[in-house]
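K.L.:
Protein chains in written order, with the numbering used here: chain V, 11 to 299; chain X, 2 to 311.
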């Protein structure tokens, strides 16, 4: 069903874009939910730079973008995780040669309900909550009482094709780690935020740009008892925040023509400042007005 | 349908009847024949298609025991992906089961009322309203589960999350009830009036007429209605995806979040690379679902036939 929705939306976008822009070059851009807002902002700003190129953006998750790249249906795939070796091999089999571009960094924020008294958690504690044989199932296991919550932790995660899902697993549970059963697998960062806002017992994770005033972001430390770092654009930029990840765009082969110009513009100060404005950390140092 | 036999038959007769009307008649015959067997063609075609897509997994990575007995469905892992659908089967079964608990009393009650008690305007209004209920799109039911049922369940039952079996089962019960009501009502209407008249002549009360005469006479149709509801429950996707919480979990109570087979396919299929193990595993779930619904329908058919003979 989701595939159909994504397909339909991208068709609509494509139709809308092609109709308003006859004889213009169309770039298909698809993937990561984390990147979709930025990608949209880039696509909207780009016609001022080059009116002959239109960019059609759709989300759906990193897995969607990478699958489309493998199937050869997009020009640029957005991903909040690296392509797996297996996926690379599969792409080569399908005659595609994905080339990786780092376009920014994102702090992966851990969200809790507003009433939750927790201020900081360590990677170790997150692992105890999220891993296959969880040591922590109740807030009281960590000596915490959450008002409005009976004790059991409601563990919120993402669907398994999400780049955020894959990155969080690797960063928190380790390469061989596996998620516990019974997590609520939300279909998008926005859904995670919505659920955590409403559920006192909940803990969830998503890109920092999705944070709202109605929930708390947790300060993360590498070790229990160690000093913690608040997620922010600055701490993601200087890599002091322990769960910040690179954001990727993949092109088929070294980009050429309009796609190359677009990628170069994204990596330029103009493109990177738009990314910064959306709450993500730029790939390099930039100066914005 | 060979042309030679047609011409032979025509030459035998004294005059040639192959005018426009004759050709139209033959054409319509062929079209109706195609229409008649199209269901078979489609069913076989769909089965061949999903089998073709899933076969690579079945002959390659597939481990029968793991697939049906492991509750771990983690197909997107880099190393050691797990393909167990037991938790998903449990999710679908528990939600469908609860839906039937909700829907059977509702729909049978409504059917009895409409068929036996209601008259005139009440009856017509009720029938129209029930058909309207059946026309609500499943995604709208999903909305209701997500935004109305969810906070209500949290408040009433004091549970952390309202997206669970209770929520999805209730929603699904309401979705299945209108269709079950319609079918059950048809079954009750099909009971000849002379049965009722005979029972009343024996001095039976209205309830006795229904309970002792009409319901037993209509049980085939009523069973059909229930099985149709079960089929609806198994196949429903969107509302279940939104209301269950989409959580891989062996349910221990009706307040546990679960995940359904259909919802898993819907959420993941569009986002896997065509031809990958994950993609083919999803098609294998599709094959399993197909077989399950086939078996349900076949059993229903056999049961109804058996009842009819006895």
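Glycine included, C-beta positions come from ideal geometry on N, C-alpha and C.
The structure displayed is predicted, hence computed values, not measured ones.
Along the beta strand (DSSP E) that carries residue 168 of chain V, what are the first and last residues, could you check?
P.N.:
Taken as a continuous stretch (DSSP letters only), the beta strand (DSSP E) holding residue 168 of chain V covers 164-168.
K.L.:
With C-beta atoms as the reference, is residue 283 of chain V less than 7 angstroms away from residue 211 of chain V?
P.N.:
Not closer than 7 angstroms, so no.
K.L.:
Within 10 Å of its beta-carbon, does residue 296 of chain X have 16 or more other beta-carbons around it, so buried, or fewer, so exposed?
P.N.:
Looking at its Cβ environment, which holds fewer than 16 other Cβ atoms inside 10 Å, residue 296 of chain X is exposed.
K.L.:
Would you mind sorting residue 237 of chain X into buried or exposed? The rule is 16 or more other CB atoms within 10 Å of its CB.
P.N.:
Buried, because 16 or more other Cβ atoms sit within 10 Å of the Cβ of residue 237 of chain X.
K.L.:
For the beta strand (DSSP E) holding residue 261 of chain V, just list the boundary residues, first then last.
P.N.:
Per DSSP, residue 261 of chain V belongs to the beta strand (DSSP E) from 254-262.
K.L.:
Does the CB of residue 241 of chain X have a neighbour CB from chain V at under 7 angstroms?
P.N.:
False, the Cβ-Cβ gap to chain V never drops below 7 angstroms.
K.L.:
List, in order along the chain, the chain X residues whose C-beta lies closer than 7 angstroms to that of residue 209 of chain V?
P.N.:
Neighbours of residue 209 of chain V on chain X, chain order: 161 and 162.
K.L.:
Anyone know if the C-beta pair for residue 169 of chain X and residue 188 of chain X falls short of 7 angstroms?
P.N.:
No.
K.L.:
Note down, in chain order, every chain X residue with its Cβ under 8 angstroms from the Cβ of residue 194 of chain V.
P.N.:
Those are 162, 164, 246, 247, 248 and 258, listed as they occur along chain X.
K.L.:
Assign residue 17 of chain X to one of two classes, buried (16 or more other C-beta atoms within 10 Å of its C-beta) or exposed (fewer than that).
P.N.:
When all chains shown are included, residue 17 of chain X counts as exposed.
K.L.:
With DSSP collapsed to three states, give me the class of residue 237 of chain X.
P.N.:
Note: residue 237 of chain X maps to coil in three-state DSSP.
K.L.:
Pull up the distance between the alpha-carbon of residue 136 of chain V and that of residue 213 of chain V, whole angstroms please.
P.N.:
Going from the Cα of residue 136 of chain V to the Cα of residue 213 of chain V covers about 10 angstroms.
K.L.:
Between residue 171 of chain V and residue 191 of chain X, what straight-line distance do the alpha-carbon atoms span, to the nearest angstrom?
P.N.:
Straight-line Cα distance between these residues: approximately 51 angstroms.
K.L.:
Please check the pair residue 248 of chain X and residue 204 of chain V, which I expect to be a contact at CB under 8 angstroms, by giving their CB distance rounded to whole angstroms.
P.N.:
Residue 248 of chain X to residue 204 of chain V, Cβ: 16 angstroms. No contact.
K.L.:
Buried or exposed for residue 263 of chain X, please, with buried defined as at least 16 other CB atoms from any protein chain shown within 10 angstroms of its CB.
P.N.:
Residue 263 of chain X should be labelled buried.
K.L.:
Which value, in whole angstroms, describes the spacing of the CA atoms of residue 207 of chain X and residue 213 of chain X?
P.N.:
Roughly 10 angstroms between the two C-alpha positions.
K.L.:
State yes or no: is the beta carbon of residue 206 of chain X nearer than 7 angstroms to at least one beta carbon in chain V?
P.N.:
False, the Cβ-Cβ gap to chain V never drops below 7 angstroms.
K.L.:
Out of curiosity, what's the CA-to-CA distance linking residue 134 of chain X and residue 79 of chain X?
P.N.:
So the alpha carbons of these two residues sit roughly 45 angstroms apart.
K.L.:
So does the stretch 76-84 of chain V actually touch the stretch 49-65 of chain V, counting three or more Cβ pairs closer than 8 angstroms?
P.N.:
Taking 8 angstroms as the limit for Cβ pairs, the verdict is that the stretch 49-65 of chain V does not touch the stretch 76-84 of chain V.
K.L.:
Identify which residue in X:175, X:259 and X:27 has its Cα closest to the Cα of residue 136 of chain X.
P.N.:
Of the candidates X:175, X:259 and X:27, the one whose C-alpha sits nearest the C-alpha of residue 136 of chain X is X:175.
K.L.:
Along the chain, where does the beta strand (DSSP E) containing residue 38 of chain V start, and where does it finish?
P.N.:
Taken as a continuous stretch (DSSP letters only), the beta strand (DSSP E) holding residue 38 of chain V covers 35-41.
K.L.:
What is the rounded straight-line gap between the Cα of residue 40 of chain X and the Cα of residue 216 of chain X?
P.N.:
Rounded to whole angstroms, residue 40 of chain X to residue 216 of chain X spans 32 angstroms at the Cα level.
K.L.:
Looking at residue 240 of chain X and residue 139 of chain X, is the spacing between their C-beta atoms short of 7 angstroms?
P.N.:
Yes, the pair counts as a contact, with Cβ atoms nearer than the cut-off.
K.L.:
Identify the residues that DSSP records as bridge partners of residue 251 of chain X: which are they?
P.N.:
None, per the DSSP bridge assignment.
K.L.:
Below 8 angstroms on the Cβ atoms is my guess for residue 339 of chain V versus residue 162 of chain X; work out the distance and round it to an integer in Å.
P.N.:
Nothing about residue 339 of chain V can be reported from this structure: the residues present for chain V run from 11 to 299 only.
K.L.:
Starting from the Cα of residue 109 of chain V, find the closest Cα among V:295, V:280, V:275 and V:258 and give me that residue.
P.N.:
Taking only the C-alpha atoms, the option nearest residue 109 of chain V is V:258.
K.L.:
For residue 115 of chain V, which of V:162, V:219 and V:262 has the nearest alpha-carbon?
P.N.:
Per the Cα distances, V:219.
K.L.:
By a C-beta neighbour count over all protein chains shown, 10 Å radius and 16 as the cutoff for buried, is residue 53 of chain X buried or exposed?
P.N.:
Burial call: exposed.
K.L.:
For residue 222 of chain X, collect the residues of the same chain with a Cβ closer than 8 angstroms to its Cβ; drop the 5 residues on either side in sequence, then sort them by chain order.
P.N.:
The residues are 184, 185, 187, 188, 189 and 191.
K.L.:
For residue 158 of chain X, does the three-state DSSP call read helix, strand or coil?
P.N.:
Here residue 158 of chain X sits in helix by DSSP.
K.L.:
Run through the stretch 125-190 of chain V for me and flag every whole beta strand (DSSP E) of 3 or more residues, listed as ranges in chain order.
P.N.:
The stretch 125-190 of chain V contains these whole beta strand (DSSP E) runs: 130-132 and 164-168.
K.L.:
Rounded to whole angstroms, what is the Cα-Cα separation between residue 31 of chain V and residue 66 of chain V?
P.N.:
Unreliable positioning characterises residue 31 of chain V in this predicted model, as indicated by a pLDDT of 45, which lies under 50. The coordinate reading is nonetheless provided below. Approximately 12 angstroms between the Cα atoms of the pair.
K.L.:
Given residue 119 of chain X, which residues of its chain have a CB within under 7 angstroms of its CB, disregarding the five upstream and five downstream residues?
P.N.:
Hits under 7 angstroms: 127.
K.L.:
Could you tell me whether the Cβ of residue 275 of chain X comes closer than 7 angstroms to any Cβ of chain V?
P.N.:
Taking Cβ atoms only, chain V reaches closer than 7 angstroms to residue 275 of chain X, which makes this a yes.
K.L.:
Among all the DSSP beta bridges, which residues are the ones paired with residue 227 of chain V?
P.N.:
In the DSSP output, where bridge partners are listed per residue, residue 227 of chain V has V:121.
K.L.:
How far does the beta strand (DSSP E) with residue 88 of chain V in it extend, from its first residue to its last?
P.N.:
Counting along the chain, the beta strand (DSSP E) containing residue 88 of chain V begins and ends at 86-89.
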